[in-house]
Amino acid sequence: MIHKTAIVAQEAQVPGDVEIGPWTVIGPKVKIGSGVKIGNSCLIDGSTVIGAGCQIFNGAVIGSVPQDLKYKGEDTKLIIGENNIIREYTTINLGTVEKGLTQVGDNNLIMAYSHIAHDCVVGDNCVLANCATLAGHVTIEDRAVIGGLVAIHQFTRVGKMSIIGGCSKVVQDIPPFSTCDGHPAKVYGLNLVGLRRAQISSKIISDLKIAFKILFFLGLNKASAVEKARKDIPQSPEAAYLLDFIKSSSRGVARANRAPQEESL
């Protein structure tokens, strides 16, 4: 299961059912779960944990030191959950001394040439398309979809079930349940496809449409928009989460692109 040209440190924890391809290097602090498949010419290093069932394709570099000038060699960590697909030449860095941890959840598809920088948190069931680039301290919540060639500024938060169009520049928080695109990325409306795939009820989707109009398309300031939305729509868990996300945003939330259209909301 381990190719004869692979270099696996004796201290590494590698179960017998793990597959490791030619010319791959596994460092001494690495812990790999059952059934993991690692392709050719990969580097897995640092204090890195990889959960069961992950597939790591050729040339990926996982657990390399942060690209951060304040990092001085501290023993920081990377934890990757289960059943992730990590495609060719993806890079995922360790955390820095400030936080000490980069974390990726379960069941994510991370496409070729993507980059997840130090101290990022990626949730579950996310898709990062080719060349998606996350700066340090970015949070990607569950079921988010990041388009190809998207660049996300440090300390930005991407809300759950949102989708960001390819080549977008993300400098402010992306609201949950939204469709965003542009340079910089702006809100176009609800991510209806994502909501329906997640089996969110039509009633809640209808309420979220009203919330989006109030929050993004009436020209209200943030505090007034949140207050009006709380009064005007039933407080389902989804609506409450959306309003709390908007209220608590420290970077500010991406703005609306244009007047709403029913079919896009």
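Take the sequence shown: its position 252, counted from the start at 1, is 278 in this note's numbering, and no numbers get skipped. Backbone N, C-alpha and C define an ideal beta-carbon position, used for all residues, glycine too.
{"Query": "Would you decide whether Ala24 is buried or exposed? Buried here means 16 or more other CB atoms lie within 10 Å of its CB.", "Result": "Lying outside 27 to 291, the shown extent of the chain, residue 24 is not represented and no answer is given."}
{"Query": "Within this structure, are the beta carbons of Val147 and Thr128 separated by less than 9 Å?", "Result": "yes"}
{"Query": "Using the C-alpha atoms, what's the distance from Gly61 back to Glu289?", "Result": "Annotation note: pLDDT 48 at Glu289 (below 50); position unreliable, coordinate value reported separately. Their backbone Cα atoms lie some 44 Å apart in a straight line."}
{"Query": "Determine whether the beta carbon atoms of Gly77 and Glu114 lie at a separation below 9 Å.", "Result": "no"}
{"Query": "Determine which residues share a DSSP beta bridge with Gln39 and list them.", "Result": "Lys57"}
{"Query": "Can you name the start and end residues of the alpha helix (DSSP H) that Val213 belongs to?", "Result": "Looking at the DSSP string, Val213 is not in any alpha helix (DSSP H); the run it does join, the beta strand (DSSP E), is 211 to 216."}
{"Query": "Considering only residues of the same chain and omitting the five flanking positions on each side of Arg183, which have a CB-CB separation below 6 Å?", "Result": "Thr165, Asp199"}
{"Query": "Please work out which residues of its chain come closer than 7 Å, Cβ to Cβ, to Val213, disregarding the five sequence neighbours upstream and downstream, and give them in chain order.", "Result": "Pro201, Ser204, Cys206, Phe242, Ala280, Arg281, Ala282, Asn283"}
{"Query": "Cβ of Leu120 within 9 Å of Cβ of Val87?", "Result": "no"}
{"Query": "Based on Cα-Cα distance, which residue from Lys195, Val197, Ala170 lies nearest to Gly185?", "Result": "Ala170"}
{"Query": "For Cys193, I'd like the list of residues in its chain whose CB is within less than 6 Å of its CB, leaving aside the five on either flank, ordered along the chain.", "Result": "Leu175"}
{"Query": "Could you tell me which of Ile111, Ser232, Gly53 sits nearest to Ala265, measuring between CA atoms?", "Result": "Ser232"}
{"Query": "Between which two residues does the alpha helix (DSSP H) harbouring Asp270 extend?", "Result": "263 to 274"}
{"Query": "Let me check one thing: in DSSP terms, what residues is Gly208 bridge-paired to?", "Result": "Ala211"}
{"Query": "Which partner residues of Arg183 appear in the DSSP bridge assignment?", "Result": "Thr165"}
{"Query": "What residue from Ala237, Ser67, Ile112, Val130 has the CA that sits closest to Ser250's CA?", "Result": "Ala237"}
{"Query": "Output yes or no for whether 9 Å exceeds the beta carbon distance between Gly107 and Gly131.", "Result": "yes"}
{"Query": "By DSSP, does Glu289 sit in helix, in strand, or in coil?", "Result": "Its pLDDT being 48, under 50, Glu289 is placed unreliably in this model, and the value from its coordinates should be taken loosely. Looking at Glu289 - three-state DSSP - the assignment turns out to be coil, as it is neither helix nor strand."}
{"Query": "Answer with buried or exposed for His209, where buried requires no fewer than 16 other C-beta atoms within 10 angstroms of its C-beta.", "Result": "exposed"}
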